[in-house]
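Below you'll find the structure, written out as structure tokens, and then a few comments.
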Ligand SMILES: *[C@@H]1O[C@H](CO)[C@@H](O)[C@H](O)[C@H]1NC(C)=O
Ligand SMILES: *[C@@H]1O[C@H](CO)[C@@H](O)[C@H](O)[C@H]1NC(C)=O
Ligand SMILES: *[C@@H]1O[C@H](CO)[C@@H](O)[C@H](O)[C@H]1NC(C)=O
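In this note's numbering, the protein residues as written are 2 to 347.
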């Protein structure tokens, strides 16, 4: 083998081929040095940005974790402040869930059990209306959502059909359902951990309840868990009004999702609270109780985890920080749905 040969191989194959050659021809010590320094340089070249990113990630994660722990409120104190003495008068005990199939997820089954639902699932148009002392599950498919719009919200029909994304129809259906029937809507990846059905019922506010988002840099509320003690709250009319205004908007968050909700709350407060009217019954379901940050779920993509675990913690969390022990936790959003907006429905 000539030196020229080795040079070529070294250039072509870098470390591996050259090191193999070195064993065969131990006389070429100077080439050994060349190879090592080249290898070292490329190693450093790749490691530098990696080390930088890792250090920044650890620093942000550390800061975020400490920050959210320091600013967190004691969830049991939040529970004591949020729970009312009596269950909301005339509470409509309907539990609504949306899914592609009637199969219940593990999380939905926790609701069925705690709320002792019977029947577990009715479907539009066969839904018991009026208040009842027992809970009934209501299953919403794409087909029953469409029928609901056709039968009861004709002014919304054109917008409903013209949404560019299915998830927009899925989102919008929830508001119509709560407007029409009242009750509780929960994504199928939210489980309930309340100590009793009475505890949960006493946490349902009169009027409308919207779950607080732990992702404060993005939005204030989410539509993953919402309550309406009775049907016909005017807040839902405002959501419909805004969805019609933004019907062709391709942005899911601002047309039918959490950003739309935020704008609807603002409009509701402007119209009904800033005026002479004293109605202020759109309330926040505090994230300490209902939607703590799902820390330590690494079952999703790297970018999702990075966004959720790092970015989320770098921004003030307003007490939605992590709590490992589940103390005073009422509901838990276990999945990636809050992040990817994928409630089992594409
Ligand atoms: C709770 O209900 C009882 C009995 O109906 C009533 O007397 C009491 O005023 C209620 N308390 C509150 C805080 O609404
Ligand atoms: C509703 O009830 C009617 C009459 O009992 C029945 O024929 C129909 O199939 C039911 N629809 C659904 C979606 O369950
Ligand atoms: C809200 O919408 C419902 C039906 O969608 C309607 O009956 C009601 O009059 C509306 N309320 C207001 C204040 O517009």
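All C-beta atoms in this analysis are idealised placements derived from N, C-alpha and C, irrespective of residue type, glycine included. Note that the structure is a prediction, hence the values are computed from the model and not measured.
Legend entry - For residue 284, three-class secondary structure by DSSP: Here residue 284 refers to the residue found at position 283 of the chain shown. Residue 284 falls in the strand class under three-state DSSP.
Inset, instruction - Write down the C-beta distance between residue 230 and residue 207 rounded to the nearest angstrom, noting that I regard them as a contact closer than 8 angstroms. - result: Here residue 230 is taken as the residue at index 229 of the chain shown, counted from 1. Here residue 207 is taken as the residue at index 206 of the chain shown, counted from 1. Taking C-beta atoms under 8 angstroms as the contact rule, residue 230 and residue 207 qualify, at a distance of about 5 angstroms.
Legend entry - Classification of residue 193 by the beta-carbon crowding that lies within 10 angstroms, buried from 16 upward: Residue 193 sits at position 192 when you count from the first residue of the chain shown. Residue 193 comes out buried.
Inset, instruction - Mind the definition here: the stretch 96 to 105 touches the stretch 129 to 145 only if three or more C-beta pairs lie below 8 angstroms; say whether that holds. - result: Yes: the two stretches touch, three or more of their Cβ pairs being nearer than 8 angstroms.
Inset, instruction - Whole angstroms is fine: what's the gap from residue 251's alpha carbon to residue 166's? - result: Counted from its first residue, the chain shown places residue 251 at position 250. Counted from its first residue, the chain shown places residue 166 at position 165. Going from the Cα of residue 251 to the Cα of residue 166 covers about 7 angstroms.
Inset, instruction - With DSSP as the reference, please indicate the residues paired to residue 234 in a beta bridge. - result: Working through the chain shown from its first residue, we reach residue 234 at position 233. Its beta-bridge partners do not exist; DSSP assigns none.
Inset, instruction - Measuring from each Cβ to the nearest heavy atom of ligand 1, keep the ones under 6 angstroms and list them in chain order. - result: Per the Cβ criterion, the list is 86 and 87.
Inset, instruction - Report the rounded CA-to-CA distance for residue 34 versus residue 46, giving the unit in angstroms. - result: Position 33 of the chain shown, counting from 1, holds the residue named residue 34. Position 45 of the chain shown, counting from 1, holds the residue named residue 46. Residue confidence is low: residue 34 scores 47 on pLDDT, short of 50, so the model does not pin down where it sits. Its coordinate-derived value is still stated next. In this structure, the straight-line span from the alpha carbon of residue 34 to that of residue 46 is close to 18 angstroms.
Inset, instruction - Kindly examine ligand 3 and report whether one of its heavy atoms sits closer than 7 angstroms to the Cβ of residue 1. - result: There is no way to answer for residue 1, as the model of the chain reaches only from 2 to 347.
Inset, instruction - Would you check whether ligand 2 has a heavy atom nearer than 7 angstroms to the C-beta of residue 108? - result: The sequence position of residue 108 within the chain shown is 107, counting from 1. It does not: the Cβ of residue 108 is nowhere closer than 7 angstroms to a heavy atom of ligand 2.
Inset, instruction - Using a threshold of 8 angstroms, state whether the C-beta atoms of residue 283 and residue 303 are closer than that. - result: Your numbering for residue 283 matches position 282 in the chain shown. Your numbering for residue 303 matches position 302 in the chain shown. No.
Inset, instruction - Pull up the CB-CB distance for residue 259 and residue 214, whole angstroms please, since I reckon it's below 8 angstroms. - result: Position 258 of the chain shown, counted from the first residue, corresponds to residue 259. Position 213 of the chain shown, counted from the first residue, corresponds to residue 214. Right, their Cβ atoms sit about 6 angstroms apart.
Inset, instruction - Mark residue 1 as exposed unless 16 or more other C-beta atoms lie within 10 angstroms of its C-beta, in which case mark it buried. - result: Only positions 2 to 347 of the chain appear in the structure, and residue 1 is not among them; the question remains open.
Inset, instruction - Evaluate residue 51 with the Cβ neighbour count: other Cβ atoms within 10 Å of its Cβ, from every protein chain shown; 16 or more gives buried, anything less gives exposed. - result: On the chain shown, residue 51 is found 50 positions in, with the first residue counted as 1. With fewer than 16 Cβ atoms within 10 Å of its Cβ, residue 51 is classed as exposed.
Inset, instruction - Kindly examine ligand 3 and report whether one of its heavy atoms sits closer than 7 angstroms to the Cβ of residue 73. - result: As a first step, residue 73 must be located in the chain shown, where it is residue number 72. Result no, Cβ not under 7 angstroms from ligand 3.
Inset, instruction - Might you give, ordered along the chain, the residues of its own chain that have their beta carbon closer than 6 angstroms to the beta carbon of residue 113, omitting 5 neighbours on each side? - result: Taking the first residue of the chain shown as position 1, residue 113 is located at position 112. For residue 113, where only same-chain residues beyond five positions count, the Cβ hits under 6 angstroms are 121.
Inset, instruction - Please find out if some non-hydrogen atom of ligand 5 comes closer than 7 angstroms to the beta-carbon of residue 124. - result: With respect to ligand 5, the structure offers nothing, as its ligand set consists of ligand 1, ligand 2 and ligand 3.
Inset, instruction - Spatial neighbours of residue 255 within its chain, please: CB distance less than 7 angstroms, with the 5 preceding and 5 following residues excluded, ordered by chain position. - result: Here residue 255 is taken as the residue at index 254 of the chain shown, counted from 1. Taken in chain order, the residues that qualify are 247 and 261.
Inset, instruction - Examine the Cβ distances between the stretch 229 to 244 and the stretch 172 to 189 and report whether three or more of them are shorter than 8 angstroms. - result: By the criterion of at least three beta-carbon pairs nearer than 8 angstroms, the stretch 229 to 244 is in contact with the stretch 172 to 189.
Inset, instruction - Rounded to whole angstroms, what's the CA-CA distance from residue 151 to residue 201? Just pull it up for me. - result: What you label residue 151 is simply residue 150 of the chain shown in a count that begins at 1. What you label residue 201 is simply residue 200 of the chain shown in a count that begins at 1. Rounded to whole angstroms, residue 151 to residue 201 spans 33 angstroms at the Cα level.
Inset, instruction - Could you please go through the chain and list the residues whose beta-carbon is closer than 5 angstroms to any non-hydrogen atom of ligand 3? - result: Those residues, listed in chain order, are 235 and 238.
Legend entry - residue 252 beta carbon near ligand 2 (any heavy atom closer than 7 angstroms): Translated into the one-based positions of the chain shown, residue 252 becomes position 251. For residue 252, the shortest separation between its Cβ and any heavy atom of ligand 2 does not lie below 7 angstroms.
Inset, instruction - Say yes only if the C-beta of residue 127 is nearer than 7 angstroms to one or more non-hydrogen atoms of ligand 2, and no if none qualify. - result: Working through the chain shown from its first residue, we reach residue 127 at position 126. In this structure, residue 127 has its CB closer than 7 angstroms to one or more heavy atoms of ligand 2.
Inset, instruction - For the stretch 154 to 204, list the beta strand (DSSP E) runs that are entirely contained and at least 3 residues long, ordered along the chain. - result: Along the stretch 154 to 204, the beta strand (DSSP E) occurs as fully enclosed runs of 3 or more residues at 184 to 187 and 191 to 193, listed in sequence order.
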